[in-house]
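> For reference, the structure I am asking about is given below.
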Amino acid sequence: MINVCRQNVMDGAVRAFARRTFTPEAKLSVLFMDDFNQAEGAVDEGGPKREFFRLLIMALKESSLFTGPLNTKNLSLDSRALQKGLYRIYGTMIAVALVHGGLLPSFFSERLYQNLCSLPSSLPTLEEITDLDLQCKLKKIIEAEDLMAARDAIMQAADSLSLLGSLGHINSMVERDHLVQAAISFYVEGRTKEALQQFAEGLSTLGVLNMMRIHPTTFKMAFCFSDKILKATDLMILFQAELSPPGSNRWRLEKKVEGFWRDFLLDVEDGVFEITLDQLLVFGSGADRIPALGFSPQPTLSFIHETGRKYPEANTCLVKLKLPIHNTYEVFTKYMCEGIVQAPTFGLA
Numbered sequence: 001m002i003n004v005c006r007q008n009v010m011d012g013a014v015r016a017f018a019r020r021t022f023t024p025e026a027k028l029s030v031l032f033m034d035d036f037n038q039a040e041g042a043v044d045e046g047g048p049k050r051e052f053f054r055l056l057i058m059a060l061k062e063s064s065l066f067t068g069p070l071n072t073k074n075l076s077l078d079s080r081a082l083q084k085g086l087y088r089i090y091g092t093m094i095a096v097a098l099v100h101g102g103l104l105p106s107f108f109s110e111r112l113y114q115n116l117c118s119l120p121s122s123l124p125t126l127e128e129i130t131d132l133d134l135q136c137k138l139k140k141i142i143e144a145e146d147l148m149a150a151r152d153a154i155m156q157a158a159d160s161l162s163l164l165g166s167l168g169h170i171n172s173m174v175e176r177d178h179l180v181q182a183a184i185s186f187y188v189e190g191r192t193k194e195a196l197q198q199f200a201e202g203l204s205t206l207g208v209l210n211m212m213r214i215h216p217t218t219f220k221m222a223f224c225f226s227d228k229i230l231k232a233t234d235l236m237i238l239f240q241a242e243l244s245p246p247g248s249n250r251w252r253l254e255k256k257v258e259g260f261w262r263d264f265l266l267d268v269e270d271g272v273f274e275i276t277l278d279q280l281l282v283f284g285s286g287a288d289r290i291p292a293l294g295f296s297p298q299p300t301l302s303f304i305h306e307t308g309r310k311y312p313e314a315n316t317c318l319v320k321l322k323l324p325i326h327n328t329y330e331v332f333t334k335y336m337c338e339g340i341v342q343a344p345t346f347g348l349a
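So this is what it looks like as structure tokens:
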């Protein structure tokens, strides 16, 4: 059982994954708690788990154990986290999210991915150093026009270079280049070797790392950023309509609203409304991307015929989006947008 609060999903997740009794092979149950430690809803049957993994991947990407641009992260060095085994726990979380939830991390830098897969990589560059002060000092050494200026710049960076094991006397500009490259390489890769090893141990959970190393090209699409954008047609194909018997009055209403739905998706894609297709998917499934392994069971679209229920609804256990019946497209889109914007969490409108 994983008990978490949406405002700090990592707190409960770390406790759950760190338990000696945690079994990654077992079926996971997720329970979201409100601020008063009361259960928000039923024990997970699919939907809450997908939302949990979505929030967890976001929290992992933003954690202090990773550094760099938003979608191309390297490991940072946190000695306390290393001592506590957090890199291993984070690796386990990513492996479990992929296998149990089909959620793709999609934020690893190419270098991090290559290092995990034991693939050859290019030499680290100055731009990969996230410590701007160190980057500035090394840039000054690189841009020195003569040996004397280079030596002066090295002395100004002596404290930083000493910590990187790169401080030394140079007798040529070639030695200057070697010194700078040694400092860059150690900062980017050398000092995080133990963290990488621990992180890799976590990713080995459920055989994920082994499969990455056997199929590095295929799995790269799961771990490194892809700019593929969710399309209206993706959601049209994803949600299969459950219709009343053909020819019935209900069937006619449902077919009309199904047409509204398809046009609504196209208009959302065109930016006509303030919501996005990602928000629609989150509302209906708890995931902001279609999982690599797809949804199980198949997502469905149903229709609300009861009077007074004007807003869209989503089943919190199955990926089932319920559309309200309205006579005009304008009224339909009004309540669709309001319901999705106002819903504080997935499945609530």
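When the sequence shown is numbered by the UniProt record's numbering, its final residue is 349 and no position is left out of the sequence of numbers. Note that beta-carbon positions come from the ideal geometry of N, C-alpha and C, so glycine has one too. All of these numbers come straight from a predicted model, not from anything done at the bench.
Note down, in chain order, each residue of its chain lying with its Cβ closer than 7 Å to the Cβ of Ser226, except the 5 sequence neighbours on either side.
The residues are Ser106.
> My assumption, with CB atoms under 8 Å, is that Glu242 sits in contact with Leu301. Please give the rounded CB distance.
The pair is a contact, with the Cβ atoms about 7 Å apart (cut-off 8 Å).
> Does the beta-carbon distance from Leu161 to Ala144 come in below 7 Å?
No, they are not a contact pair.
> Select from Phe223, Phe303 and Leu281 the residue whose C-alpha is nearest the C-alpha of Val257.
Considering only alpha carbons, the answer is Phe303.
> In this structure, does DSSP put Glu25 in helix, strand or coil?
Glu25 falls in the coil class under three-state DSSP.
> Is it buried or exposed, Leu98, if we count other Cβ atoms within 10 angstroms and call 16 or more buried?
By the neighbour-count rule (16 or more Cβ atoms within 10 Å), Leu98 is buried.
> From Gly271 to Asp288, what does the alpha carbon distance come to, in whole angstroms?
Cα to Cα, the separation comes out at about 18 Å.
> According to the neighbour-count rule (16 or more other Cβ atoms, all chains shown, within 10 Å of its Cβ), is Ala100 buried or exposed?
In the sequence as displayed, the identity of residue 100 is His instead of Ala. Counting Cβ neighbours within 10 Å, His100 comes out buried, since at least 16 surround it.
> Identify, in the order they occur along the chain, each residue of the same chain with its Cβ nearer than 8 Å to the Cβ of His305, setting aside the five sequence neighbours on each side.
Same-chain partners within the cutoff: Arg250, Leu253 and Ile325.
> Below 8 Å CB to CB, which residues in the same chain sit around Gly202 once its five sequence neighbours on both sides are set aside?
Result list for Gly202: Tyr87, Arg88, Ile89, Tyr90, Gly91, Thr92, Met93, Ile94 and Ala95, in chain order.
> State the start and end residues of the unbroken alpha helix (DSSP H) segment that holds residue 355.
Beyond the ends of the chain as shown, which are 1 and 349, falls residue 355; an answer cannot be given.
> Beta-carbon within less than 7 Å of Ala81's beta-carbon, same chain only, minus the 5 sequence neighbours each way: which residues are those?
Around Ala81: Leu65 and Tyr87.
> I need the straight-line Cα distance from Leu138 to Glu128, nearest angstrom please.
Near 12 Å, if we compare the C-alpha coordinates of Glu128 and Leu138.
> Near Phe52, what residues of its chain come up, given a Cβ to Cβ distance below 6 Å and the 5 sequence neighbours on each side ignored?
These residues qualify, in order along the chain: Val30.
> For Phe264, report the span of its alpha helix (DSSP H) as first-last.
Where Phe264 is concerned, the enclosing alpha helix (DSSP H) stretches over Asn249 to Glu269.
> Using DSSP with H/G/I as helix, E/B as strand and the rest coil, what is Ile290?
It is coil, neither helix nor strand.
> Can you tell me whether Thr328 is buried or exposed, with buried defined as 16 or more other CB within 10 angstroms of its CB?
Looking at its Cβ environment, which holds fewer than 16 other Cβ atoms inside 10 Å, Thr328 is exposed.
> Is Gly286 closer than 7 Å to Arg50 when the C-beta atoms are compared?
It is a contact, given that the beta carbons lie within the stated cut-off.
> In the DSSP assignment, find the unbroken alpha helix (DSSP H) run with Thr218 in it and report its ends.
Pro216 to Phe223 is the extent of the alpha helix (DSSP H) around Thr218.
> What separation, rounded to the nearest whole angstrom, lies between the Cα atoms of Leu134 and Ala157?
Looking at the two C-alpha atoms, the distance is approximately 8 Å.
> Suppose only complete runs of 4+ residues qualify. What are the alpha helix (DSSP H) ranges in the stretch 72–127, listed by chain order?
For the stretch 72–127, whole alpha helix (DSSP H) runs of length 4 or above, ordered along the chain, are 79–84, 86–101 and 110–116.
> Could you check which residue in Gly85, Leu56, Asn71 and Pro69 has the C-alpha nearest to that of Arg19?
For the residues Gly85, Leu56, Asn71 and Pro69, the minimum Cα distance to Arg19 belongs to Gly85.
> How long is the line joining the alpha carbons of Gly12 and Thr205, rounded to whole angstroms?
Near 20 Å, if we compare the C-alpha coordinates of Thr205 and Gly12.
> Assess, as a yes-or-no matter, whether the stretch 160–177 is touched by the stretch 109–120 under the definition of 3 or more beta carbon pairs within less than 8 Å.
The stretch 109–120 is not in contact with the stretch 160–177.
> Cutting at 6 Å between CB atoms, please list the residues of its own chain near Ala153, excluding the five before and the five after it.
Excluding positions up to five away in sequence, the list reads Lys140, Ile141 and Ala144.
> Ordered along the chain, which non-local residues of its own chain (more than five positions away) have a Cβ less than 6 Å from that of Met10?
Once the five neighbours on either side are set aside, the close Cβ partners of Met10 are Ala59.
> Could you check how far apart the C-beta atoms of Glu269 and Ala222 are, in whole angstroms? I think they sit under 8 Å.
Incorrect: roughly 25 Å between the Cβ atoms, too far for contact.
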